[in-house]
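*Asks:* So that we are looking at the same thing, I have put the structure below in structure tokens.
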Amino acid sequence: MKILLLEDVKKLGKKGEIMEVSDGYAKNYIIPKKLGKEATKEVINEWSIKKESEARKKEREAEEAKALAETLSKTVVVIKTKSGEGGRLFGSITSKDIAEALLKMDLNVDKKKIFVKDPIKAIGNYSVEVKLHANAAANLTVRIEEA
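If you count by this note's numbering, then the sequence shown holds residues 86 to 232, one letter each, in order.
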């Protein structure tokens, strides 16, 4: 019996592959555990359409990430905070603070995608890396000012 694998199966194949297995193995193990489906024309067509739509979605996400990266590289984020003598901050500026400042500018970036190399603990200008996608990254300028 030919089956289309819905999950990776050890010693058999990877997700999306069409494999030839014995009828008993397919009916008693693969299909009941939802690891695969019988490879009919409808199932294969459905799978190929699903793969195409996922590929288009990933491509669209990559394009959106590149556009956002281009915008971020031209953006200067200004964060006003209290500081003590010599411009030292009370606490430090984190990726969460930068993400909140970007959100106020209508730029939605997850704080987990913002990488602050060294802790920001003084007033001044800093360069922060933002990794939006595997192919899209930007250097964001962050300016810390006295409140």
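Where a beta carbon is used, it is the ideal one built from N, C-alpha and C, also for glycine.
1. Buried or exposed: which applies to A140, given that a residue is buried once 16 or more other Cβ atoms fall within 10 Å of its Cβ?
2. Check I208 in the structure and name its three-state DSSP category.
3. By alpha-carbon positions, which one of V227, L217 and E230 ends up nearest to E149?
4. Could you check what DSSP says for A221 in three-state terms: helix, strand or coil?
5. Is the number of C-beta pairs between the stretch 191-205 and the stretch 145-163 that are closer than 8 Å three or more?
6. Judging by CA-CA distance, which residue of L188, K181, E144 and L120 is the nearest neighbour of A219?
7. Which partner residues does V201 have in the DSSP bridge list?
8. According to DSSP, which residues form a beta bridge with I183?
9. Measure the C-alpha to C-alpha separation of R173 and I134 and round it to an integer number of angstroms.
10. Roughly how many whole angstroms lie between the Cα atoms of V201 and E146?
11. Look at I205 and S177 and say whether their C-beta atoms are less than 7 Å apart.
12. Am I right that I208 and E231 are in contact with their C-beta atoms under 8 Å? What's the rounded C-beta distance?
*Replies:* Let's see:
1. As a working mapping, residue 140 is identified with position 55 in the sequence shown. Under this definition A140 is an exposed residue.
2. The residue given as residue 208 occupies position 123 in the sequence shown. Reduced to three states, the DSSP call for I208 is coil.
3. As a first step, residue 149 must be located in the sequence shown, where it is residue number 64. Minimum Cα distance to E149 is reached at L217.
4. On the sequence shown, position 136 is the one that residue 221 refers to. A221: coil per DSSP, three-state reduction.
5. yes
6. As a working mapping, residue 219 is identified with position 134 in the sequence shown. Residue E144 is the option with its Cα nearest to A219.
7. Along the sequence shown, one-based indexing puts residue 201 at 116. Partner(s): none; V201 has no beta bridge.
8. Here residue 183 refers to the residue found at position 98 when the sequence shown is read from its first residue. Its beta-bridge partners do not exist; DSSP assigns none.
9. Indexing the sequence shown from 1 puts residue 173 at position 88. Indexing the sequence shown from 1 puts residue 134 at position 49. Answer to the nearest angstrom: the Cα atoms are 57 Å apart.
10. To locate residue 201, count along the sequence shown from 1; it is residue 116. To locate residue 146, count along the sequence shown from 1; it is residue 61. If I take the Cα positions, the gap works out to 24 Å.
11. As a position in the sequence shown, residue 205 is number 120, starting the count at 1. As a position in the sequence shown, residue 177 is number 92, starting the count at 1. Cβ distance < 7 Å, so I205 and S177 count as in contact.
12. Start at 1 with the first residue of the sequence shown, and residue 208 comes out as number 123. Start at 1 with the first residue of the sequence shown, and residue 231 comes out as number 146. At roughly 6 Å, the Cβ-Cβ gap stays under 8 Å, so I208 and E231 are in contact.
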